[in-house]
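Data first, discussion second: the structure below is written as structure tokens.
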Amino acid sequence: MLRKELREHIFKMLFQIEFNEPEDMKEHLKLYFESLEDASDKEKEYIQKKYEAVVSHVPEIDALINERARDWKTARMNKADLAVLRLAVYELKWDDEIPTGVAINEAVELARKFGGDASPSFVNGILGKLAEAEPQG
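Anchor point for the sequence shown: position 119 equals 125 in this note's numbering, and the numbering is continuous, going up by one each time.
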């Protein structure tokens, strides 16, 4: 499975946290993995670890998004856009394996696929502001 596909599965799991109680997510993750017949154990492990890593940083991620989203706080955002942003912000801030440009481009593609008409530019704008504020390594 390509990293792009893995990222999409992580996005789908993150999307679910807006609609389910935290204690129910373990069961949702299990059911989701059962539906991934073509995924190897290694790929499922990657998806789960990255999903859990993003979730562990949600309060920090949301604060970063809220600082940069003019007139849009996370509580009011389209839930698909929010899931895309959470994944991308995690990749920008905490995942050294993902280059900044890749994280932003992949987020815009996810927003284009799953969000509304304005989602790609909205996501790109917020991530651009975050990337400008971060020292490049």
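Glycine included, each C-beta is placed from N, C-alpha and C at the ideal position.
Within its chain, find whatever has a CB closer than 6 Å to the CB of residue i; leave out the 5 residues flanking it on each side and keep chain order.
| i | result |
| --- | --- |
| GLU43 | none |
| ASP30 | none |
| ALA89 | PHE17, LEU20 and PHE21 |
What is the rounded straight-line gap between the Cα of residue i and the Cα of residue j?
| i | j | result |
| --- | --- | --- |
| VAL61 | LEU20 | 8 Å |
| PRO65 | ALA139 | 19 Å |
| GLU112 | ARG118 | 10 Å |
With 16 other CB atoms within 10 Å as the buried threshold, where does residue i fall?
| i | result |
| --- | --- |
| ALA109 | buried |
| LEU8 | exposed |
| PHE25 | exposed |
| PRO105 | exposed |
Would you mind working out which of the options sits nearest residue i, comparing C-alpha positions?
| i | options | result |
| --- | --- | --- |
| ALA124 | MET83, LYS36 and GLU103 | MET83 |
| ILE53 | LEU88, ALA81, LYS36 and GLU73 | LYS36 |
| LEU3 | ALA75, LEU116, GLU73 and ARG76 | Any answer about residue 3 is impossible in this case: the structure gives the chain only from 7 up to 143. |
| TRP100 | HIS63, GLU29, ASP30 and VAL90 | HIS63 |
| VAL114 | GLY131, ASP102 and GLU103 | GLY131 |
Within its chain, find whatever has a CB closer than 8 Å to the CB of residue i; leave out the 5 residues flanking it on each side and keep chain order.
| i | result |
| --- | --- |
| TYR57 | ILE16, MET19, LEU20 and LEU35 |
| LEU70 | VAL95, LYS99 and LEU136 |
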